[in-house]
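One structure is given below, encoded as structure tokens.
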Amino acid sequence: MKVERLLAIVMMLLNKRRMSARELADHFEVSLRTVYRDLETINAAGIPIVAYPGTSGGYEIMENFTIDRQYLSADELVAVIAALKGVHSSTDDKQIGQLLEKIKALLATAPSAFQGGEHPVVYDFNPWGSTPAIEQKVSSLREAILCRKRVKIVYTKMQGESSERVIEPVRLIIKGYVWYVYAFCQSKQEFRLFRLSRIADLALLPEEFAARDCQLEKLQWEEQWNCGERIALVLQFAPRAHVRVRDMFDPQSIETAPDGKMTVRTTMTDDEWLAGMLLSYGDSLKVLEPAHIRQRIADSAKKIAAFYGDEPER
1 MKVERLLAIV
11 MMLLNKRRMS
21 ARELADHFEV
31 SLRTVYRDLE
41 TINAAGIPIV
51 AYPGTSGGYE
61 IMENFTIDRQ
71 YLSADELVAV
81 IAALKGVHSS
91 TDDKQIGQLL
101 EKIKALLATA
111 PSAFQGGEHP
121 VVYDFNPWGS
131 TPAIEQKVSS
141 LREAILCRKR
151 VKIVYTKMQG
161 ESSERVIEPV
171 RLIIKGYVWY
181 VYAFCQSKQE
191 FRLFRLSRIA
201 DLALLPEEFA
211 ARDCQLEKLQ
221 WEEQWNCGER
231 IALVLQFAPR
241 AHVRVRDMFD
251 PQSIETAPDG
261 KMTVRTTMTD
271 DEWLAGMLLS
281 YGDSLKVLEP
291 AHIRQRIADS
301 AKKIAAFYGD
311 EPER
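Here the sequence shown is numbered in the UniProt record's numbering, starting from 1 and rising by one per residue.
Encoded structure:
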């Protein structure tokens, strides 16, 4: 919309000081004539636009003109900018980019130390190993949410079973390092959480869906992520695994013996991921409790040994 573009131009000029008409036209994907009309409109509204000729010329807002930032302190604005940078880095969202430009402009009268949006914390919401395929899914699902379009997918459960689903997406979620979409599943007739890495053949359907009664703030997210039974574990680790152990477990749950061995008491969901995680420690881990997990790890280790033992030596 024109009003939004006019406001965005003002914010960009306040932040970047001087921009050419061509830069503005390219950014907003409009003609030069439209940019000139917009600049005239802004000037007529009382925001002084100054034109500078020459190769380094362009347009900028008069030096002493600023926007009142009394509602937020410089420290608060810097914190907001840092958080928005993190969100913007993980999504292809032009609105967030424009909002970032607007808030940066509010620092124009702040001390120079704050004008670059410097903050002691860096927020990076990009998952490790993020791929173009995941980014494309995020982009497509975001479009479906905004337009309320149904989406057809092929979804593979943790057990390896695949099925075609039609879903009505309502939220994209990034938790830890993994993207999910929260959606109403037509085949199950209930809201479900779908992991994007297990979604294939994603296609937006032409039909729209009506909004359903979904009070997101009341949802029990932990119940969605932790579908299995929670069990108490007692694990003993060799000293050589101390770095991974401290990365993985709460320090309060770790007891270190004089010989360096570590005993961890924790609770986790009893699922396939748990077995894989425990096996990844190899002979640096001994499961002390419960007995059925200890036996499961022992059986899996025997199968792995037998599998590799059958291979002929090269």
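Every residue gets a Cβ at the ideal spot worked out from N, C-alpha and C, and that includes glycine.
- Take residue 195, set aside five residues on each side of it, and the residues of its chain with a beta-carbon closer than 7 angstroms to its own are 178 and 180, in chain order.
- At a Cβ-Cβ threshold of 7 angstroms, residue 81 and residue 13 do not count as neighbours.
- Note on residue 262: 16 or more other CB atoms within 10 angstroms of its CB, so buried under the neighbour-count rule.
- For residue 18, same chain residues with a beta-carbon under 6 angstroms away, outside a window of 5 residues either side, are 58 and 60 in chain order.
- Under DSSP, residue 163 takes part in a beta bridge, and its partners are 155.
- For the set 161, 299 and 6, the Cα lying nearest the Cα of residue 198 is the one of 161.
- The count of Cβ pairs closer than 8 angstroms, one atom from the region 163-170 and one from the region 271-285, stays below three, leaving the stretches out of contact.
- Within the model, the alpha-carbon separation for residue 291 versus residue 233 is close to 10 angstroms.
- With respect to the C-alpha of residue 210, the residue from 188, 146 and 293 having the closest C-alpha is 146.
- Cβ-Cβ distances below 7 angstroms link residue 6 to 38, 41 and 42 in the same chain, with the five nearest sequence neighbours on each side left out; the list follows chain order.
- For residue 271, the three-state secondary structure derived from DSSP is coil.
- For residue 230, the beta-bridge partners assigned by DSSP are 269.
- The alpha-carbon of residue 254 is positioned some 17 angstroms away from that of residue 277.
- Contact between residue 275 and residue 304 fails: their C-beta atoms lie close to 12 angstroms from each other, not under 8 angstroms.
- The secondary-structure analysis by DSSP pairs residue 286 across a beta bridge with 236.
- Going by beta carbons, residue 11 and residue 102 fall inside the 7 angstroms limit.
- In the three-state reduction of the DSSP assignment, residue 175 falls in the strand class, which pools E and B.
- Straight-line spacing of the CA atoms in residue 142 and residue 236 works out to 44 angstroms.
- The beta-bridge partner set that DSSP reports for residue 169 consists of 183.
- Checking the DSSP bridge columns, you'll see residue 52 partnered with 58.
- In this structure, residue 270 lies near residue 229, with their beta-carbon atoms less than 7 angstroms apart.
- Under DSSP, residue 255 takes part in a beta bridge, and its partners are 263.
- When secondary structure is reduced to three states using DSSP, residue 22 falls in the helix class.
- In this chain, residue 247 is not harboured by any beta strand (DSSP E); it is covered by the alpha helix (DSSP H) spanning 242-248.
- Here residue 287 is buried. Its C-beta has 16 or more other C-beta atoms within 10 Å.
- A residue is called buried once 16 or more other Cβ atoms fall within 10 Å of its Cβ, and residue 150 is buried on that count.
- Per DSSP, reduced to three states, the secondary structure at residue 149 is strand.
- In this structure, residue 200 sits near residue 154, with a CB-CB distance shorter than 7 angstroms.
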